[in-house]
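Trainee: Sharing a structure here in structure tokens format.
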Amino acid sequence: MCLAIPMRVIAVDASGLSATCEAKGQQRQVGLIMLDEVVRIGDYLMISLGQAMQKISVEDAKQTWAYYEEILNFSPSH
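Residue numbers for the sequence shown follow my numbering, so the first one is 837 and each next one is one higher.
Structural data, given as structure tokens:
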């Protein structure tokens, strides 16, 4: 199973086919070919396997990171 990661666009190349995105202090080059809408600096995208899957709101990005942090901090009680 693959999880998509919410990332913020910090640069878009001149062709519009890729962007530099940032999340949690990490930057990645991301393909935009699967999107059917224009991507701008400041947009949030869901990224999976180096490709943008969809544009999302800042609220959805924050909520997704909150879920991931909850999962990562999970400690089962035995």
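The beta carbon of each residue, even a glycine, is placed where N, CA and C say it ideally should be. Just so we're clear, the structure is a prediction, and the values are computed from it rather than from any experiment.
Distance, Cα to Cα, S915 vs D872?
Mentor: There is simply no residue 915 to check, as the chain begins at 837 and stops at 914 in what is shown.
Trainee: According to the neighbour-count rule (16 or more other Cβ atoms, all chains shown, within 10 Å of its Cβ), is Y903 buried or exposed?
Mentor: By the 10 Å Cβ count, Y903 comes out exposed.
Trainee: Along the alpha helix (DSSP H) that carries L908, what are the first and last residues, could you check?
Mentor: Taken as a continuous stretch (DSSP letters only), the alpha helix (DSSP H) holding L908 covers 894–908.
Trainee: Sort V875, R844, L868 by Cα distance to K860 and report the nearest one.
Mentor: When only C-alpha atoms are compared, the closest one is R844.
Trainee: Where does the unbroken beta strand (DSSP E) through A859 begin, and where does it stop?
Mentor: Note, A859: beta strand (DSSP E), 854–859.
Trainee: Within a Cβ cutoff of 6 angstroms, which residues of the same chain sit near R864, ignoring the five residues on either side of it in sequence?
Mentor: Result list for R864: C857, in chain order.
Trainee: Going residue by residue through the region 838–890, where are the continuous beta strand (DSSP E) segments of at least 3 residues, counting only ones entirely within it?
Mentor: Whole beta strand (DSSP E) segments, 3+ residues: 841–848, 854–859, 862–867, 880–884.
Trainee: Which residues in the same chain as D879 place their Cβ atom closer than 8 angstroms to its Cβ, once the five residues preceding and following it in sequence are excluded?
Mentor: So the list reads R844, V845, K891, once near-sequence residues are dropped.
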